[in-house]
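Peer 1: If you scroll down you'll find the structure; I have some questions about it.
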Amino acid sequence: MEKIRIAVLCSGGGTNLQAILDAEEAGLLPCGEVVLVIADSSSAYALKRAQRRGVETAVFDKKEYPKVVREEKIFACLKEHEIGLVVLAGFMTVLSEAFVGAFRGRILNIHPALLPSFGGVGMYGLKVHEAVLKAGVKVTGATVHFVTAECDGGPILAQRAVEVHEDDTPESLQKRVMREAEWVIYPETVEKVCERLTQPRHKGV
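Going by my numbering, the sequence shown wraps up at 212, each residue one higher than the last.
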């Protein structure tokens with residue numbers, strides 16, 4: 008079986024990238040293979056994580072390229088590497104409707120809350136966990152979804168709940184959501200989507 012070629016797009020530390028790479032190394036990604044990591048910042052630690060695993064990297068820095076040019080270069084790079092699945096992992100460049108449409112059903116994102124709650128424009132990173140704590144909810148979690156033109160509005164593929172503790176800070180909650188939800192469901196969902204994409208009806212899409 009030919010594996011689905013995966014590109015992971017990152018802007019920062021790449022902890023979800025690491026979770027996917029670890030799953031692959033453990034044999035839990037039989038239908039997919041991470042072949043490329045793209046960052047929009049040359050200082051992204053995700054690049055080092057990729058290099059340690061021998062994964063090819065590319066950088067299209069926000070400081071060097073305007074958004075339109077940066078997106079064009081990313082798109083060309085994905086096509087050049089024959090990428091079958093695009094995985095966003097803390098990627099801070101908002102992609103255009105045309106870009107997302109070109110990878111319809113082949114581009115994933117993970118959000119650190121139970122969508123549709125605490126999602127949308129401006130809700131990312133610690134801001135999400137700050138909003139969760141301010142709202143006083145007892146349960147939060149993470150959501151993996153297909154990316155569409157609507158921010159955090161694509162079809163939901165997987166969710167996992169995480170309890171909110173009374174003494175939580177945004178930082179402590181963020182760490183627990185990553186450990187108990189994100190790092191669990193993202194690799195699992197990537198594999199499920201790769202498995203689906205290997206089916207005959209998806210060939211050449």
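No residue lacks a Cβ here, since even glycine has one placed at the ideal position from N, Cα and C.
Rounding to the nearest angstrom, what Cα-Cα distance links GLU187 and ALA120 in this structure?
Peer 2: As a first step, residue 187 must be located in the sequence shown, where it is residue number 180. As a first step, residue 120 must be located in the sequence shown, where it is residue number 113. Distance between the alpha carbons of GLU187 and ALA120: 12 Å.
Peer 1: Look up CYS38 in the DSSP assignment and say whether it is helix, strand or coil.
Peer 2: Taking the first residue of the sequence shown as 1, we reach residue 38 at position 31. Residue state, collapsed to three classes: coil.
Peer 1: Whole-angstrom Cβ separation of GLY126 and ASP159, contact assumed at under 8 Å?
Peer 2: The count along the sequence shown starts at 1 and reaches residue 126 at position 119. The count along the sequence shown starts at 1 and reaches residue 159 at position 152. 3 Å between Cβ atoms; contact.
Peer 1: With a Cβ-Cβ cutoff of 8 Å, do GLY19 and GLY97 count as a contact?
Peer 2: For the purposes of this step, residue 19 is identified with residue 12 of the sequence shown, where counting begins at 1. For the purposes of this step, residue 97 is identified with residue 90 of the sequence shown, where counting begins at 1. Yes. Within cutoff.
Peer 1: Leaving aside the five residues before and after ALA168 along the sequence, list all residues of the same chain whose C-beta is less than 7 Å from its C-beta, in chain order.
Peer 2: For the purposes of this step, residue 168 is identified with residue 161 of the sequence shown, where counting begins at 1. Closer than 7 Å at Cβ, skipping near neighbours: LEU121, VAL146, GLY148.
Peer 1: Just verifying my parser: in three-state terms, what is the DSSP assignment at VAL212?
Peer 2: Locating residue 212 in the sequence shown gives position 205, where the first residue counts as 1. With a pLDDT of 35 at VAL212, under the threshold of 50, the modelled position of this residue cannot be trusted; read the value that follows with caution. The answer is coil: DSSP assigns VAL212 none of H, G, I, E or B.
Peer 1: Determine the direct distance from the alpha carbon of LEU140 to that of THR205, and round the result to whole angstroms.
Peer 2: For the purposes of this step, residue 205 is taken as residue 198 along the sequence shown, with counting starting at 1. For the purposes of this step, residue 140 is taken as residue 133 along the sequence shown, with counting starting at 1. THR205 and LEU140: Cα-Cα distance of roughly 41 Å.
Peer 1: From what residue to what residue does the beta strand (DSSP E) around PHE153 run?
Peer 2: As a first step, residue 153 must be located in the sequence shown, where it is residue number 146. 146-153 is the extent of the beta strand (DSSP E) around PHE153.
Peer 1: Select from THR155, CYS84, GLU178 the residue whose C-alpha is nearest the C-alpha of ILE117.
Peer 2: Mapped onto the sequence shown, residue 117 falls at position 110. Closest option to ILE117, Cα to Cα, is THR155.
Peer 1: When DSSP labels each residue in this structure, what does VAL169 get in the three-state scheme?
Peer 2: Counting from one through the sequence shown, the residue named residue 169 turns up at place 162. VAL169: strand per DSSP, three-state reduction.
Peer 1: I'd like to know whether the C-beta atoms of VAL15 and VAL94 end up nearer to each other than 8 Å.
Peer 2: Within the sequence shown, the letter at position 8 stands for residue 15. Within the sequence shown, the letter at position 87 stands for residue 94. In contact: VAL15 and VAL94 (Cβ atoms closer than 8 Å).
Peer 1: Give a yes or no on whether the C-beta atoms belonging to LYS69 and SER50 are separated by under 8 Å.
Peer 2: Residue numbering aside, residue 69 sits at position 62 when the sequence shown is read from its first letter. Residue numbering aside, residue 50 sits at position 43 when the sequence shown is read from its first letter. Cβ distance not < 8 Å, so LYS69 and SER50 don't count as in contact.
Peer 1: Might you give, ordered along the chain, the residues of its own chain that have their beta carbon closer than 6 Å to the beta carbon of PHE110, omitting 5 neighbours on each side?
Peer 2: Taking the sequence shown and counting its residues from 1, the one referred to as residue 110 is at position 103. VAL93.
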